[in-house]
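Residue numbers (my numbering), protein chains in the order written: chain Z, 445 to 736; chain H, 874 to 1186.
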Amino acid sequence: MSPTTTTVTITNSPPTRISTWSRIRTSPAVLAGVAICFTLIVLAVLAPWIAPYDPNRQGLGIQLADPSGAHWLGLDSFGRDVLSRIIWGARISLWVGVVATLAAMLVGSTIGIIAGYFGGTIDRVITMLTDILLSFPQLVMGLLLVAVLGASLTNIILAIAVTAAPAFIRLARGSTLAMRERDFIDAGRALGFSDMRIMFVHVAPNILDEIIVMGSLWVATAIRTESTLAFIGLGVPPPTATWGGIIREGFEFLNDNYLLAVFPSLAILITMIALNLIGDGLRDATDPRAPQ
Amino acid sequence: MLRFIAKRLLFAIPTLLGVLTLVFFLVRIVPGDPALVVLGDQASPEALANLRERLGLNKPLLVQYVDYLGAIAHGDLGRSLTTNRPVMTDMLAVLPNTIELTLASLLIGLVGGVPLGVLAAVRRGGIADWLARIVSLIGLSFPAFVSGVLLLVLFAIQFRWFPVISAPRSGDILERLRALALPAINLGVIMIAYVTRVTRSGMLNALSQDYVRTARAKGVPARLVVWRHALRNVLIPIVTIIGLNLGVLIGNSVLTEIVFSRPGLGKIIVNALNTRDYATLQAMMVVFAFAIVITNVLTDLVYGLVDPRVKTP
Chain Z
445 MSPTTTTVTI TNSPPTRIST WSRIRTSPAV LAGVAICFTL IVLAVLAPWI APYDPNRQGL
505 GIQLADPSGA HWLGLDSFGR DVLSRIIWGA RISLWVGVVA TLAAMLVGST IGIIAGYFGG
565 TIDRVITMLT DILLSFPQLV MGLLLVAVLG ASLTNIILAI AVTAAPAFIR LARGSTLAMR
625 ERDFIDAGRA LGFSDMRIMF VHVAPNILDE IIVMGSLWVA TAIRTESTLA FIGLGVPPPT
685 ATWGGIIREG FEFLNDNYLL AVFPSLAILI TMIALNLIGD GLRDATDPRA PQ
Chain H
874 MLRFIAKRLL FAIPTLLGVL TLVFFLVRIV PGDPALVVLG DQASPEALAN LRERLGLNKP
934 LLVQYVDYLG AIAHGDLGRS LTTNRPVMTD MLAVLPNTIE LTLASLLIGL VGGVPLGVLA
994 AVRRGGIADW LARIVSLIGL SFPAFVSGVL LLVLFAIQFR WFPVISAPRS GDILERLRAL
1054 ALPAINLGVI MIAYVTRVTR SGMLNALSQD YVRTARAKGV PARLVVWRHA LRNVLIPIVT
1114 IIGLNLGVLI GNSVLTEIVF SRPGLGKIIV NALNTRDYAT LQAMMVVFAF AIVITNVLTD
1174 LVYGLVDPRV KTP
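Here's what the structure looks like:
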């Protein structure tokens, strides 16, 4: 008997991808969001060259001075330049937002795919643990974790990633369950592919769209959590400039100069709106039920 | 129905047990000796030993764990490390304030969000739709403390319409409402955002269904089709979104209470964080997690009320 050779080509890209991409590119909301985020990233990266003053240099003028030609957004209670501190604060916010979300995405999705793919006891245990983690208010859990671990940049990223991971576990698990029933997965199994290969070469790319959309929405949540922790006093320790930290300082001097709290608030707000515009746009574009 | 409730509650038990276990071990990974953290470096060895004895820290971990589960089962949340009062007493003293704030914001969310969401769906692409988009974008974008600070600056400091410190001082109903207004609006706008979003997408889906076309073909007035036929079917997603977002609501009410200096559970948590009162933190985490798990069960039960098809699972 002569051996027979069968060639099977398995494609990963669904046919809708081109229209999805063009919908993203032509959405004014997404473009506006991308433009704002790009500007913020440039500001954050170039902070040492763009910021007019050293963000930690004290005694630049009268404490809590109003905005002026020399200090566009005024001075804080230590006489530090508020504009410089907000520009440097963007570094912390964006870094925490992106790194914590990426960590949660990577770890959460991997666990979710494993749960959905294998099913059975592994799935039940993972689902139960996820349910337990989801039983805590995300913010309160973050507060407790940072309080327990100690406030440092690494611990804040870790705490936010832990609170975000369950959402990705759930999403990846659900999508993998649906994907597992598809013919091309059966084909892969029939060809003797290993579980690892099916999970991470064939399932993962097909659920990536949904994970990226959720990731884009979670970056905003992560930045919000970071600034909230800083506002409560559990942020990156002073004198490092963070948006939440500047608001916390401004909050103490609301009656003397409320602008100190208003400017960093606006910075957070603009970032949140930009990220939500991108996240919503991506979600609408990848939603098969959305009008074409 | 009773069997359904019992079954759902039974299913919640492993999750609740998991919550208790996680909180217990989380608080115990605190680096260093909790007694030292509470009393400080200057404490005498006797004082430290006394506190360890009182907290049960000298017992094996497993014994501590069993004691802790036993106490919780009896409704004992432990004592604050700083005030030595039972956490339950402290909590019950301010709980009405938090409940008042939460209910007021829910009311604002429903009264503002449902009509806006319905109008946005009925007149898709119109002014109401744009307004709904802007409101939900703003509501979802504002971190609760940022919107709180901005509201405070505008309405309490600039216009002086509301008090800066929103702690109700007397039992006078008008005074109470004035103190409640800004915090409730702060939380309410976020609720409006969630409710508007889910109402709009639910209504868009409902309005494209066959039964709506049938009702229209029968000559049912447009108003009735929208508000009675279609809206009834959107109630489930609205209930779900409120139930699912209880965690967000709790987190935001903690922040709102801090910004507006309002006594409540949020203040207890922040005070506990500042004084490293891990006993209170542990108790509050348990209370919040239980509230969320029980709300999930209640959400399932409310399904049965708004949708008769869900009654028999």
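Here a beta-carbon is modelled for each residue, glycine too, at the ideal position from N, C-alpha and C.
Where does residue i land, buried or exposed, given buried means 16+ other C-beta within 10 angstroms?
i, result
"residue 936/H", "exposed"
"residue 1155/H", "buried"
"residue 1084/H", "exposed"
"residue 947/H", "exposed"
"residue 518/Z", "buried"
"residue 1099/H", "buried"
"residue 747/Z", "Residue 747/Z is absent from the model: chain Z starts at 445 and stops at 736."
"residue 640/Z", "exposed"
"residue 670/Z", "buried"
"residue 893/H", "buried"
"residue 445/Z", "Residue placement at residue 445/Z is poorly supported in this model, since its pLDDT is 45, which falls under 50; the coordinates are not used for a value here."
"residue 619/Z", "buried"
"residue 957/H", "exposed"
By how many angstroms is the C-alpha of residue j removed from the C-alpha of residue i?
i, j, result
"residue 998/H", "residue 1103/H", "19 Å"
"residue 1074/H", "residue 1095/H", "19 Å"
"residue 1005/H", "residue 989/H", "6 Å"
"residue 571/Z", "residue 623/Z", "18 Å"
"residue 495/Z", "residue 1022/H", "26 Å"
"residue 578/Z", "residue 1162/H", "9 Å"
"residue 526/Z", "residue 676/Z", "20 Å"
"residue 540/Z", "residue 971/H", "31 Å"
"residue 735/Z", "residue 713/Z", "Reliability of the predicted coordinates at residue 735/Z is poor, the pLDDT of 47 falling under 50, and the value obtained from them is presented with this limitation in mind. Straight-line Cα distance between these residues: approximately 29 Å."
"residue 505/Z", "residue 1129/H", "33 Å"
"residue 991/H", "residue 1027/H", "31 Å"
"residue 952/H", "residue 1176/H", "38 Å"
"residue 1002/H", "residue 1125/H", "26 Å"
"residue 1186/H", "residue 877/H", "Residue placement at residue 1186/H is flagged as unreliable, the pLDDT there being 43, under the threshold of 50; the coordinate-derived value follows with that caveat. Rounded to whole angstroms, residue 1186/H to residue 877/H spans 7 Å at the Cα level."
"residue 931/H", "residue 599/Z", "29 Å"
"residue 607/Z", "residue 1116/H", "19 Å"
"residue 698/Z", "residue 900/H", "35 Å"
"residue 1011/H", "residue 486/Z", "25 Å"
"residue 908/H", "residue 921/H", "6 Å"
"residue 592/Z", "residue 888/H", "23 Å"
"residue 501/Z", "residue 529/Z", "10 Å"
"residue 1190/H", "residue 994/H", "Because chain H here runs from 874 to 1186, residue 1190/H falls outside it and cannot be looked at."
"residue 1143/H", "residue 674/Z", "13 Å"
Report the CB separation of residue i from residue j in whole angstroms; it is logged as a contact under 8 Å.
i, j, result
"residue 657/Z", "residue 726/Z", "5 Å"
"residue 474/Z", "residue 722/Z", "6 Å"
"residue 1051/H", "residue 1036/H", "7 Å"
"residue 679/Z", "residue 605/Z", "So it is not a contact: roughly 16 Å between Cβ atoms."
"residue 1018/H", "residue 672/Z", "6 Å"
"residue 1141/H", "residue 1158/H", "At roughly 12 Å, the Cβ-Cβ gap does not stay under 8 Å, so residue 1141/H and residue 1158/H are not in contact."
"residue 584/Z", "residue 1123/H", "7 Å"
"residue 508/Z", "residue 704/Z", "7 Å"
"residue 960/H", "residue 1152/H", "7 Å"
"residue 655/Z", "residue 615/Z", "6 Å"
"residue 1106/H", "residue 1079/H", "5 Å"
"residue 653/Z", "residue 730/Z", "5 Å"
"residue 666/Z", "residue 470/Z", "Wrong, their Cβ atoms sit about 28 Å apart, outside the cutoff."
Thinking C-alpha only, which one of the options is nearest residue i?
i, options, result
"residue 479/Z", "729/Z, 728/Z, 719/Z", "719/Z"
"residue 966/H", "908/H, 1137/H, 1026/H", "1137/H"
"residue 979/H", "993/H, 959/H, 902/H, 1118/H", "1118/H"
"residue 977/H", "1121/H, 876/H, 1055/H, 933/H", "1055/H"
"residue 612/Z", "566/Z, 552/Z, 546/Z, 729/Z", "552/Z"
"residue 955/H", "1015/H, 968/H, 928/H, 938/H", "928/H"
"residue 1109/H", "1097/H, 1121/H, 1072/H, 1086/H", "1072/H"
"residue 845/H", "1174/H, 1131/H, 1151/H, 1081/H", "An answer regarding residue 845/H cannot be provided, because it is not within the stretch 874 to 1186 covered by chain H."
"residue 668/Z", "708/Z, 702/Z, 634/Z", "708/Z"
"residue 1150/H", "880/H, 912/H, 898/H", "912/H"
"residue 1029/H", "1014/H, 902/H, 1016/H, 1053/H", "1053/H"
"residue 700/Z", "963/H, 933/H, 1031/H", "1031/H"
Taking 7 Å as the cut-off, is the C-beta of residue i nearer than that to any heavy atom in the ligand ADP?
i, result
"residue 520/Z", "Only the bare structure without any ligand can be found here, which leaves the ligand ADP out of the picture."
Would you call the stretch 554-569 of chain Z and the stretch 532-540 of chain Z touching, i.e. three or more CB-CB distances under 8 Å? no
Evaluate the contact criterion for the stretch 584-592 of chain Z versus the stretch 638-647 of chain Z: three or more CB pairs, one atom per stretch, below 8 Å. no
Three or more C-beta pairs closer than 8 Å, one from the stretch 980-989 of chain H and one from the stretch 1053-1065 of chain H: is that the case here? yes
So, does the stretch 682-689 of chain Z touch the stretch 616-631 of chain Z, judging by three or more C-beta pairs under 8 Å? no
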